[in-house]
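Counting from 9, one number per residue, gives the positions in the sequence shown under this note's numbering.
Every residue gets a Cβ at the ideal spot worked out from N, C-alpha and C, and that includes glycine.
For clarity, every value in this text was computed on a predicted model and none was experimentally measured.
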Amino acid sequence: MVRVTEVTDEEAPLALLVDNNEMALYRMNEIFRQRDYRVIECQNGDKAVDIFITEKPDLVIISLDIPGLDGHVAAREMRESIREARNSFTTPRNTIEITEYAAFSAGAVA
9 MVRVTEVTDE EAPLALLVDN NEMALYRMNE IFRQRDYRVI ECQNGDKAVD IFITEKPDLV
69 IISLDIPGLD GHVAAREMRE SIREARNSFT TPRNTIEITE YAAFSAGAVA
């Protein structure tokens, strides 16, 4: 499923939110809409990469635990297509160490 949030200002920054948790997507969407971002929501890694390549969002928030390509692999593919890609990762608290390694290997910075 892909959902695009209505924001009429084409100059507004675009955020791609990728998570298979509906509540997480809802909360992130609310935060970004309040800050006047255009938002595209997606629930799997394969679609996220396709959307990233076609829409070129200013920011990607991606869960590492998503269907299709996991967040780590999807972020690496995004970074390979656009070196300046800015990705942030979300994950459950019980996987912090694994997450840290995966995020940095996919191009995350502090």
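Next on the checklist: Looking only at its chain, what residues have a beta carbon closer than 6 Å to the beta carbon of Y34, apart from the 5 residues adjacent to it on each side?
Outcome noted: none
Next on the checklist: Mapping the DSSP letters down to three states, classify A23 as helix, strand or coil.
Outcome noted: strand
Checklist entry - What do you get for R91, buried or exposed, if any count of 16 or more other CB atoms within 10 angstroms of its CB means buried? => result exposed
Checklist entry - Secondary structure at E88, three-state DSSP: helix, strand or coil? => result helix
Item to check | C50 at chain D interface by Cβ criterion, 8 Å | outcome: No chain D appears in the structure shown, which is made up of a single protein chain.
Checklist entry - Ends of the alpha helix (DSSP H) at R41? => result E30 to Q42
Item to check | Test item: CB-CB of Y5 and A82 under 8 Å | outcome: Past the edges of the chain, shown from 9 to 118, lies residue 5, and the structure says nothing about it.
Checklist entry - Got a sec? Which residues, its chain only, sit under 8 Å from L77 by beta carbon, not counting five neighbours each side? => result N52, G53, D54, A56, V57 and E85
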